[in-house]
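Asks: Sharing a structure, written as structure tokens. Questions coming.
Chains as they are written, first to last, in the numbering used here: chain A, 6 to 436; chain B, 479 to 593.
This is the structure in structure tokens:
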């Protein structure tokens, strides 16, 4: 019997990855079995047809068994291939899904970008139109709000020479920590043409602080007017430092008081220098100082001298009354000198850090009864005479009371000392 | 017999038959039938898939040899197949003793015999 064709009839189509002798071996093995079974059955029934039928009835369908064996042999490769195909399909599907997702995201992003670009274009266009409107000449907004300000400094008169090298500080009035004031600060120094370019400033009130090279200063209020593109603020400044006056203080001291420790107490005030309605203060002229003709002349406070009672423009000076004293002062005009009284020295303070002269608290001041004031604009020459007659009368009386008090204090201390001396002796005698 | 009872023992029977020496499919089936006195009849539909499976499991090794003018596939036991056979025989003995014990019969391998 030829079983080979029967068995191989339903085997799957050959595959590239199939072992070359797989199906031949399967068919050969089954055919051998069938042939052996056929021989046995033929021996029993003596009929080939019946023998074949009995073999197949016992064996079953050899095509199905062959097909099963082939699949079992190829199972691993087939499953691997199917798994590969499945994974490829899944990968492809994922790639397609990802591509679709990215495409949709990209489409949405592009749409959003187009909308954003369009919105930005509209905003830019609106901004350009607004800026164009602002830049157009004759538009009241620009001139109404902002003005190009120039500070022009001249010497002595409005048509005077340019004041060069002056410090200029332009600011808005108000608290210095307010944003408006802080943002409006302009500090510069006038150039050779005497001007300071402040640029565009908002209309309103302003203050210009001007400081001369010799440290005189003034505060000028001015108003930047709206409705114009430019404003030049002219400020008349001093041409140079104030003129120093030489002042001699003359006074007669009674003969019986010339050996007493007395001081003439005066107040010297430096007055502001008025120029075209602007007050220029003279503070900061400390280097001018005071010249003492007899070496016993000291200042208290102000002007950078030995200072105890410093303050303001009102100065107090004490003069040693040394016979018919003549004190010669050098003072920037304008000035006033006021005689306030005569001081009786009650204590002398001498140390390296303090002046040789007594401090104000070490004086008993006898005030002048009448007004004794000398002014720079009424003083002719440098001699200033003070009428001190009535002051001397008061000084005599004060000295009498002071001397009496001192004598009483001495007597008391002497008496107490005597008692103290007795007590130890008594104590010694008892011992 | 009920084929379900044979299901778990086919591999063990095949290995046992082959343990006597190289054999081929038809001979294995006939040996089992004869040794069981016609009780176990392994159909070819079960025999060859089992042989091929044991071969893939490296419990059997196969070679081809010409016989009666045809190619014939012979199977022989590998060392791994021999160890597997011993393990399955032991397992089967324990199973049979358990079943026999429940059924009240003589337990194989034990001294004495129930009347």
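The beta carbon of each residue, even a glycine, is placed where N, CA and C say it ideally should be. Computed from a predicted structure; not experimentally measured.
Under 8 Å, Cβ to Cβ, is there at least one residue of chain B near residue 41 of chain A?
Replies: yes
Asks: If you draw a straight line from the alpha carbon of residue 25 of chain A to that of residue 31 of chain A, how long is it in whole angstroms?
Replies: 12 Å
Asks: Secondary structure at residue 576 of chain B, three-state DSSP: helix, strand or coil?
Replies: helix
Asks: Who are the neighbours of residue 551 of chain B on chain A, taking C-beta pairs under 8 Å?
Replies: Those are 30, 33, 34 and 37, listed as they occur along chain A.
Asks: Please check if any C-beta of chain A sits within less than 8 Å of the C-beta of residue 541 of chain B.
Replies: no
Asks: At the 8 Å Cβ level, is residue 590 of chain B part of the contact set with chain A, yes or no?
Replies: Note that residue 590 of chain B scores 44 on pLDDT, short of 50, meaning its location in the model is unreliable; the coordinates nonetheless yield the value given after this. So, not an interface residue.
Asks: Between the region 72–98 of chain A and chain B, which residues of the former have CB atoms less than 8 Å from a CB of the latter, in chain order?
Replies: 73, 74, 77 and 78
Asks: For residue 67 of chain A, count neighbouring C-beta atoms within 10 Å of its own C-beta (all shown protein chains included) and say buried if the count is 16 or more, exposed if not.
Replies: buried
Asks: Thinking residue 439 of chain A and residue 61 of chain A are a contact (beta carbons under 8 Å), I'd like their distance in whole angstroms, please.
Replies: Any question about residue 439 of chain A goes unanswered here, given that chain A covers just 6 to 436.
Asks: Do residue 23 of chain A and residue 503 of chain B have their CB atoms nearer than 8 Å?
Replies: no
Asks: By DSSP, does residue 151 of chain A sit in helix, in strand, or in coil?
Replies: strand
Asks: At 9 Å on the CB atoms, spell out the chain A contacts of residue 527 of chain B, in chain order.
Replies: Neighbours of residue 527 of chain B on chain A, chain order: 70, 73, 74 and 77.
Asks: So, with DSSP's three-state summary, where would you put residue 508 of chain B?
Replies: Correct three-state label for residue 508 of chain B: helix.
Asks: Taking DSSP as the reference, what is the three-state secondary structure of residue 25 of chain A?
Replies: coil
Asks: Since residue 554 of chain B and residue 496 of chain B are thought to touch, with beta carbons under 8 Å apart, how far apart are those beta carbons, to the nearest angstrom?
Replies: 6 Å
Asks: With the cut-off set at 8 Å, would you say residue 211 of chain A and residue 176 of chain A are in Cβ contact?
Replies: yes
Asks: Just how far apart, CA to CA, sit residue 131 of chain A and residue 233 of chain A?
Replies: 27 Å
Asks: Cβ closer than 8 Å: which chain B residues qualify as neighbours of residue 104 of chain A?
Replies: Ordered by position in chain B, no residue passes the 8 Å Cβ test against residue 104 of chain A, which lies about 43 Å from the chain.
Asks: Output, in chain order, the set of chain A residues within a Cβ distance shorter than 7 Å of residue 509 of chain B.
Replies: In chain order: nothing, as chain A lies at least about 13 Å away.
Asks: Do the region 389–404 of chain A and the region 258–265 of chain A touch if we need at least three Cβ pairs shorter than 8 Å?
Replies: yes
Asks: By the criterion of Cβ-Cβ separation under 7 Å, what are the contact partners of residue 522 of chain B in chain A?
Replies: Correct list: 38, 64, 65 and 70.
Asks: Could you work out which residue in A:199, A:100 and A:106 is closest to residue 238 of chain A when comparing CA atoms only?
Replies: A:199
Asks: Candidates B:513, B:533 and B:572: which alpha carbon is nearest residue 489 of chain B's?
Replies: B:533
Asks: Let me check understanding here. Comparing Cα to Cα, which of A:382, A:7, A:348 and A:112 lies closest to residue 248 of chain A?
Replies: A:382
Asks: Is residue 64 of chain A helix, strand or coil by DSSP?
Replies: helix
Asks: Roughly how many whole angstroms lie between the Cα atoms of residue 136 of chain A and residue 150 of chain A?
Replies: Between residue 136 of chain A and residue 150 of chain A, the C-alpha separation is close to 15 Å.
Asks: State yes or no: is the beta carbon of residue 504 of chain B nearer than 8 Å to at least one beta carbon in chain A?
Replies: By this cut-off, residue 504 of chain B is an interface position.
Asks: Taking the C-alpha atoms as reference points, what is the distance between residue 562 of chain B and residue 64 of chain A?
Replies: 28 Å
Asks: Considering only their Cβ atoms, is the gap separating residue 507 of chain B from residue 493 of chain B smaller than 8 Å?
Replies: Cβ distance not < 8 Å, so residue 493 of chain B and residue 507 of chain B don't count as in contact.
Asks: Let me know if residue 501 of chain B comes out buried or exposed under the rule of 16 or more other beta-carbons within 10 Å of its beta-carbon.
Replies: buried
Asks: How close, in whole Å, do the beta carbons of residue 400 of chain A and residue 350 of chain A come, if the pair is a contact with beta carbons under 8 Å?
Replies: No, residue 400 of chain A and residue 350 of chain A are not in contact; Cβ-Cβ is about 12 Å, not under 8 Å.
Asks: Assign residue 518 of chain B to one of three DSSP states: helix, strand, or coil.
Replies: coil
Asks: Grouping DSSP H, G and I as helix and E and B as strand, with all else coil, what is residue 39 of chain A?
Replies: helix
Asks: By the criterion of Cβ-Cβ separation under 7 Å, what are the contact partners of residue 536 of chain B in chain A?
Replies: Under the 7 Å cutoff, chain A gives no residues; its nearest Cβ is about 15 Å from residue 536 of chain B.
Asks: What is the residue span of the beta strand (DSSP E) that residue 284 of chain A lies within?
Replies: 283–285
Asks: Would you kindly report the start and end of the unbroken beta strand (DSSP E) that includes residue 162 of chain A?
Replies: Looking at the DSSP string, residue 162 of chain A is not in any beta strand (DSSP E), and its letter there is neither H nor E.
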